[in-house]
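Take 17 as the starting number for the sequence shown in our numbering and just add one per residue.
Take a look at the structure set out below.
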Amino acid sequence: MRKGPVHHTRKSFAVVVVGSLALGLGASSIAASGAAPAKPTGMSATAVVTTKISAVSHAVRDVEAALQRYAHFTVTLEYDSTAAMFTADGQMLEPQMAPIVGRQAIHDFLAPLAAKYAVGTATMVAEDTQVFGSSAYQWGTYDQTSGLKGEKLARYAGRFVAEWAREADGVWRLKRMMAQPTVVGG
């Protein structure tokens with residue numbers, strides 16, 4: 017179970033942090049829960065909230081940029097780069113398949129696909145991104161066209177859930193990426 021405040025990319029995340037102050041949790045109480053830094057002498061509660069929102073906004077922006085790199089590598093079929101986007105024990109979860117676990121296994125799964133298939137377009141849109149310290153979660157949609165090389169490309173679309181981890185080097189990497197297709201070859 018997640019602890020602490022929820023930080024969403026949409027307009028609701030600012031309300032959660034500000035709402036904590038409105039409920040009578042002073043900056044020092046919030047700091048004890050890990051939600052915001054302790055209020056320095058002379059700093060208003062609004063400044064503390066602004067600082068926290070700014071830090072969360074940067075993390076959300078970084079996670080969303082990482083998602084766009086993942087989508088880019090899907091189009092360019094850079095399977096080495098795609099595999100490198102996962103943590104050492106990262107999991108690619110595809111429908112009706114056992115989890116593909118670890119960078120090497122993900123690489124080995126993608127390499128023959130890149131040799132056989134072409135991808136025309138791939139978009140991924142995060143509808144919600146939540147950041148909790150060095151963990152982040154995204155829910156969204158994907159849409160791509162792909163097929164056998166030299167043949168007509170078909171549309172594949174659906175939903176995805178991504179779990180990210182910010183590793184010691186500061187890079188956000190995928191812990192889990194799960195796709196759930198809603199349009200297959202349409």
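Glycine included, every Cβ here is placed at the ideal spot set by N, Cα and C.
Only a predicted model underlies this, so the values are computations on that prediction, with no experimental measurement involved.
query: Contact the segment 123-131 vs the segment 140-151: 3+ CB pairs below 8 angstroms; result: no
query: Contact set for V177: own chain, Cβ-Cβ below 6 angstroms, skip 5 residues either direction; result: W155, M194
query: Three-state class that DSSP yields for S44 in the structure shown; result: The pLDDT assigned to S44 is 30, lower than 50, so where the model puts this residue is not dependable; a value taken from the coordinates is nonetheless given after this. Reduced to three states, the DSSP call for S44 is helix.
query: C-beta contact flag for R189 and M101 at 7 angstroms; result: yes
query: Host alpha helix (DSSP H) of K132 (start-end); result: 119-132
query: Cβ neighbour criterion (16 or more within 10 Å) applied to L83; result: buried
query: Three-way DSSP call (helix, strand, coil) for L109 in this model; result: strand
query: Simplified DSSP state of D144, which is helix, strand or coil; result: strand
query: Alpha-carbon to alpha-carbon, A152 and Q120; result: 23 angstroms
query: Whole-Å CB distance - G163 paired with V199, under 8 angstroms assumed; result: That belief does not hold up - the Cβ atoms of G163 and V199 are roughly 14 angstroms apart, past 8 angstroms.
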